[in-house]
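Asks: Please find one structure pasted underneath; my questions will follow.
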Amino acid sequence: MKKVLLSLLAVAGSLLASSEAVKAQAQQPLKIGVFDIEIMMQVMPGYRAVDSTVQVYERDSLAAEYNDYQSEYQRLDSIYKADSAAGKSKAVLEMHKNNRQQVAMNLIYWQQIAENKSQQKRAILAQPIYEKVVNGYKKVLDAKKFSLVLKPNSFEFFGSSAVENIFVLVAKELKVALPQELGGSGAVDDDAKPATAPKPAVKPAGKN
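Sequence positions in the sequence shown follow mature numbering (1 follows the signal peptide of the UniProt record, and there is no 0) and run -23 to -1, 1 to 185.
Take a look at the structure:
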């Protein structure tokens, strides 16, 4: 009987402690912040160089690759037609037809293929910038203990004091200037300015 009583007391004490912990947590105010790693990357020094390199890659390397596919398709198509007119065997014609079809698929889906290649190139070049932003972001989160972090395009901000601008905090941690649209003074070095209007950059290996 004594053991049963002690067990009941232990359970009651445990429940009371849990209740107090939940109550204390409920009393803590909800701390909300707004941030986006990809947008922050675009105002970092060095990102403009990444953007320019990717544009050159798209204009030169990817354009040349597309032209190669076009030339290869025309070559295979000519071979197929010539062999067909010459009465070559069905096996030979089928082989040429399959080769031509493989190249044709690359041409048909080239826009998606090129976009994937471009994203991969940007991710590789921007990886050091991404890691720097993530490290600064983590330090801010550890120090400020935000309950919830939202992306800028996921809600209407209106400058509410209930929502804290984490862009400013991360910029301060990383010692970089912010443009006015992100809450900064607008004094941004040319090298840190995005080449175009802010848009989601490609997320490298890690994710927000």
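For glycine and all other residues, C-beta sits at the position ideal for the given N, C-alpha and C. On a predicted model such as this, the values are computed, not experimentally measured, just so you know.
Does the Cβ-Cβ distance between residue 140 and residue 161 come in under 8 Å?
Replies: No, these two residues do not count as a Cβ contact at 8 Å.
Asks: Excluding the five sequence neighbours on either side, which residues of its own chain have a C-beta within less than 8 Å of the C-beta of residue 31, listed in chain order?
Replies: Here residue 31 has 95, 98, 99 and 102 as same chain residues with Cβ atoms under 8 Å from its own Cβ, once five neighbours each way along the sequence are excluded.
Asks: If we count the other Cβ atoms within 10 Å of its Cβ and call it buried at 16 or more, is residue 119 buried or exposed?
Replies: An exposed status is given to residue 119, since fewer than 16 other beta-carbon atoms sit within 10 Å of its beta-carbon.
Asks: Output the boundary residues of the alpha helix (DSSP H) element that contains residue 10.
Replies: Element bounds for residue 10: not the alpha helix (DSSP H) but the beta strand (DSSP E), 9 to 11.
Asks: Express the C-alpha separation of residue 6 and residue -3 in angstroms, rounding to a whole number.
Replies: Its pLDDT being 47, under 50, residue -3 is placed unreliably by the model, and the measurement read from it follows with that caveat. Going by the C-alpha atoms only, they are around 15 Å apart.
Asks: Using only the alpha-carbon positions, how far apart do residue 106 and residue 22 sit?
Replies: 8 Å
Asks: With a CB to CB cut of under 7 Å and the five nearest residues on each side skipped, what residues in its chain are close to residue 68?
Replies: none
Asks: Which runs of the alpha helix (DSSP H) at least 4 residues long sit entirely within the region 103 to 160? Give them in chain order.
Replies: Taking 4 residues as the shortest admissible run, the region 103 to 160 contains the following complete alpha helix (DSSP H) segments, listed from N- to C-terminal end: 143 to 151.
Asks: Please confirm whether residue 125 and residue 9 have their CB atoms less than 8 Å apart.
Replies: yes
Asks: Could you give the distance in angstroms between the alpha-carbon of residue 38 and the alpha-carbon of residue 25?
Replies: 19 Å
Asks: Output yes or no for whether 8 Å exceeds the beta carbon distance between residue 80 and residue 49.
Replies: yes
Asks: By alpha-carbon positions, which one of 56, 51 and 89 ends up nearest to residue 35?
Replies: A check of alpha carbon separations from residue 35 across 56, 51 and 89 identifies 89 as the nearest.
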